[in-house]
Amino acid sequence: MKVLVIGAGIAGLSAARHLREASIAATVLEARHRIGGRVWTDRDFADIPVEFGAELIHGRSPEVNTWRWVEKLGLSAWHWNKIDDSMIRTEDGQWLTMGQARAASPELDLTRSWELGDAPEPENEEDLGTYLRRIGFSEQQMRYVQRSFANAEGESMLYLNAKAHLQLPLDASGGPRGIDSDGADDYSDFRILEGYDSYYKKLAEGLDIRLGSVVKAIDWSSGVVVTTAAGAVHRADAAVVTLPLGVLNAGRVEFIPPLPPTKQEALAGLKMGPVMKMVYLFDEHILDPSIGAIYAKGNPPMWWSPSLGREGGQVVWTAFFSGDYAREMLPLGEEAALRKGLDTLRREIGQPDLEYAKARWINWPEDEFALGGYSACLPGHYDAREKLAQPTPPLYWAGEASAPHHLTAMVHGAYFTGQRAAGEIINSERAS
Ligand SMILES: Cc1cc2nc3c(=O)[nH]c(=O)nc-3n(C[C@H](O)[C@H](O)[C@H](O)COP(=O)(O)OP(=O)(O)OC[C@H]3O[C@@H](n4cnc5c(N)ncnc54)[C@H](O)[C@@H]3O)c2cc1C
Numbered sequence: 000m001k002v003l004v005i006g007a008g009i010a011g012l013s014a015a016r017h018l019r020e021a022s023i024a025a026t027v028l029e030a031r032h033r034i035g036g037r038v039w040t041d042r043d044f045a046d047i048p049v050e051f052g053a054e055l056i057h058g059r060s061p062e063v064n065t066w067r068w069v070e071k072l073g074l075s076a077w078h079w080n081k082i083d084d085s086m087i088r089t090e091d092g093q094w095l096t097m098g099q100a101r102a103a104s105p106e107l108d109l110t111r112s113w114e115l116g117d118a119p120e121p122e123n124e125e126d127l128g129t130y131l132r133r134i135g136f137s138e139q140q141m142r143y144v145q146r147s148f149a150n151a152e153g154e155s156m157l158y159l160n161a162k163a164h165l166q167l168p169l170d171a172s173g174g175p176r177g178i179d180s181d182g183a184d185d186y187s188d189f190r191i192l193e194g195y196d197s198y199y200k201k202l203a204e205g206l207d208i209r210l211g212s213v214v215k216a217i218d219w220s221s222g223v224v225v226t227t228a229a230g231a232v233h234r235a236d237a238a239v240v241t242l243p244l245g246v247l248n249a250g251r252v253e254f255i256p257p258l259p260p261t262k263q264e265a266l267a268g269l270k271m272g273p274v275m276k277m278v279y280l281f282d283e284h285i286l287d288p289s290i291g292a293i294y295a296k297g298n299p300p301m302w303w304s305p306s307l308g309r310e311g312g313q314v315v316w317t318a319f320f321s322g323d324y325a326r327e328m329l330p331l332g333e334e335a336a337l338r339k340g341l342d343t344l345r346r347e348i349g350q351p352d353l354e355y356a357k358a359r360w361i362n363w364p365e366d367e368f369a370l371g372g373y374s375a376c377l378p379g380h381y382d383a384r385e386k387l388a389q390p391t392p393p394l395y396w397a398g399e400a401s402a403p404h405h406l407t408a409m410v411h412g413a414y415f416t417g418q419r420a421a422g423e424i425i426n427s428e429r430a431s
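Using numbering that gives the first Met the number 0, you'd call the opening residue of the sequence shown number 0 and step up by one each time.
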């Protein structure tokens with residue numbers, strides 16, 4: 000049996016690896032001239048690895064499969080505690096550590112802990128904003144949610160299915176979180192100090208990966224015939240499609256015959272969120288070096304320093320923004336957006352003359368092989384991810400958007416979907 004894997008992001012690499020372990024030949028077709036997809040460690044911008052895409056390992060529960068590789072490869076994961084290493088500009092204008100702000104304001108604390116007690120379950124039709132107002136969130140709390148939780152979810156609240164997107168925090172409120180001596184719990188964030196590429200390059204070892212192969216058409220009427228922009232034709236018995244949701248929804252790849260109605264319903268129920276980063280290099284520390292994150296009132300609302308937790312090296316700050324924040328920045332273009340970001344930073348830290356040594360934006364929404372950051376589940380479409388994941392032999396489906404709600408938009412979720420699709424192919428091969 001021969002399988003084509005479309006895309007060499009984490010989902011594609013995971014699928015190809017798991018197929019290879021089962022002695023099934025897989026060829027990975029990747030449009031870019033690099034692997035990793037939305038995980039992209041840059042080694043030119045600064046003297047430390049800078050993550051232009053995924054940056055953190057979200058959580059440390061057994062489902063977070065990245066840890067197996069971190070351990071296997073002996074990598075160091077630094078825990079971002081987000082309590083005393085983070086500053087927040089509160090809605091009433093104070094500049095406090097996150098710990099102080101949460102202690103001073105139960106309203107803010109709730110938007111961080113998500114301990115919603117006996118709040119009613121969200122309805123499938125409800126967007127996040129409508130639901131939170133229904134359960135009594137104040138306008139101030141809504142602004143905190145927009146600045147932090149919704150921004151991290153990759154879209155504005157209007158586009159977030161409350162039931163789907165609150166699954167993680169609602170589950171989190173259900174039981175003890177097993178806090179360790181470092182203050183880390185199952186929902187903590189960690190950075191791989193050696194860079195995420197140490198992980199994805201290892202995943203790719205020994206695989207047959209064809210870079211620069213822009214897939215244009217997938218004919219799945221009898222086996223699979225894939226045609227690339229350069230006119231190359233690849234034939235196989237099956238294919239794992241890991242194309243990002245943005246690429247699928249923009250119709251950049253033609254399916255022959257067209258995808259069945261359930262698949263089209265699934266795609267219509269998911270929206271690629273505009274998620275962006277801007278990275279800034281400074282000649283010296285701009286704040287007390289123990290501070291590594293800023294929750295700003297302006298745009299971008301979320302900043303962190305990849306240099307925190309490292310010994311020496313240059314000072315880098317990353318701005319992360321999505322949804323309406325990104326929609327406000329995109330028309331400005333790179334230079335004006337970088338200046339706007341700098342103005343926000345200057346205001347928050349009280350340094351009106353601050354200048355950067357260099358900076359750049361990473362524009363995922365306009366990246367032709369991503370067309371966005373990660374997927375949002377739209378109100379009314381709770382089952383869209385499950386429908387997207389359903390195999391339609393000879394096509395098998397993987398990629399971030401097809402992960403269960405609590406694993407979506409994450410590296411370990413993408414890995415899971417690749418493993419799942421490989422498992423489906425392996426099982427069908429055994430059954431035949
Ligand atoms: C800014 C940002 C920050 C993030 N932060 C985190 C984080 O901190 N932690 C975390 O866990 N996750 C994070 N994520 C999410 C994480 O990066 C993704 O969930 C994951 O990398 C998706 O992997 P994937 O394989 O599904 O998709 P992708 O990585 O997008 O892989 C799909 C591949 O398909 C290729 N492709 C596209 N079109 C074609 C074509 N026509 N022909 C052939 N190949 C094609 C693409 O080039 C790409 O390599 C972040 C994402 C972004 C954008």
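Glycine included, every Cβ here is placed at the ideal spot set by N, Cα and C. All values reported here derive from a predicted model rather than from experimental measurement.
Identity of the residue in the options nearest residue i by Cα
{"i": "residue 123", "options": "154, 164 and 307", "result": "164"}
{"i": "residue 10", "options": "426, 409, 430 and 431", "result": "409"}
{"i": "residue 17", "options": "424, 363 and 213", "result": "424"}
{"i": "residue 203", "options": "26, 385, 22 and 0", "result": "26"}
{"i": "residue 349", "options": "88, 397 and 134", "result": "88"}
{"i": "residue 287", "options": "262, 304 and 298", "result": "304"}
{"i": "residue 227", "options": "239, 236 and 211", "result": "211"}
{"i": "residue 149", "options": "127, 238 and 136", "result": "127"}
{"i": "residue 248", "options": "256, 237, 236 and 268", "result": "268"}
{"i": "residue 108", "options": "125, 73, 90 and 121", "result": "90"}
{"i": "residue 61", "options": "155, 427 and 415", "result": "415"}
{"i": "residue 357", "options": "369, 253, 317 and 4", "result": "317"}
{"i": "residue 214", "options": "152, 229 and 346", "result": "229"}
Own chain partners of residue i with C-beta closer than 8 Å, once the 5 adjacent residues on each side are dropped
{"i": "residue 189", "result": "55, 56, 59, 76, 77, 78, 79 and 183"}
{"i": "residue 419", "result": "388 and 397"}
{"i": "residue 106", "result": "137, 139, 140 and 143"}
7 Å Cβ shell around residue i - same chain, five flanking residues per side excluded
{"i": "residue 172", "result": "Residue placement at residue 172 is flagged as unreliable, the pLDDT there being 41, under the threshold of 50; the coordinate-derived value follows with that caveat. 113, 114 and 115."}
{"i": "residue 326", "result": "273"}
{"i": "residue 94", "result": "86 and 88"}
{"i": "residue 309", "result": "47 and 192"}
{"i": "residue 479", "result": "There is no way to answer for residue 479, as the model of the chain reaches only from 0 to 431."}
{"i": "residue 289", "result": "84"}
Own chain, CB closer than 6 Å to residue i, minus 5 neighbours either side, in chain order
{"i": "residue 110", "result": "140, 143 and 144"}
{"i": "residue 21", "result": "425"}
{"i": "residue 130", "result": "121 and 161"}
{"i": "residue 207", "result": "26"}
{"i": "residue 301", "result": "150 and 319"}
{"i": "residue 196", "result": "40"}
{"i": "residue 235", "result": "1, 2, 3 and 223"}
{"i": "residue 276", "result": "317, 319 and 361"}
C-alpha gap between residue i and residue j, whole angstroms
{"i": "residue 166", "j": "residue 403", "result": "10 Å"}
{"i": "residue 272", "j": "residue 100", "result": "29 Å"}
{"i": "residue 337", "j": "residue 33", "result": "26 Å"}
{"i": "residue 216", "j": "residue 133", "result": "46 Å"}
{"i": "residue 2", "j": "residue 233", "result": "10 Å"}
{"i": "residue 407", "j": "residue 241", "result": "13 Å"}
{"i": "residue 311", "j": "residue 205", "result": "35 Å"}
{"i": "residue 260", "j": "residue 50", "result": "37 Å"}
{"i": "residue 96", "j": "residue 296", "result": "14 Å"}
{"i": "residue 209", "j": "residue 102", "result": "53 Å"}
{"i": "residue 354", "j": "residue 282", "result": "9 Å"}
{"i": "residue 135", "j": "residue 376", "result": "23 Å"}
{"i": "residue 382", "j": "residue 285", "result": "45 Å"}
{"i": "residue 412", "j": "residue 65", "result": "10 Å"}
{"i": "residue 38", "j": "residue 117", "result": "38 Å"}
{"i": "residue 390", "j": "residue 342", "result": "48 Å"}
{"i": "residue 400", "j": "residue 352", "result": "42 Å"}
{"i": "residue 219", "j": "residue 239", "result": "12 Å"}
Contact test: residue i Cβ vs ligand 2 heavy atom, cutoff 7 Å
{"i": "residue 404", "result": "With respect to ligand 2, the structure offers nothing, as its ligand set consists of ligand 1."}
* Where in the segment 318-380 do unbroken runs of the alpha helix (DSSP H), each at least 4 residues long, occur, reported from the N-terminal end onward? -> 322-328 and 333-348
* Any chance you could list the alpha helix (DSSP H) runs of at least 4 consecutive residues sitting entirely within the segment 210-275, in chain order? => 244-248 and 260-267
* Asked: Which whole runs of the beta strand (DSSP E) in the segment 55-88 are 3 residues long or more, in chain order?
  -> Listed in chain order, the complete beta strand (DSSP E) runs (minimum 3 residues) inside the segment 55-88 are 55-57, 76-79 and 85-88.
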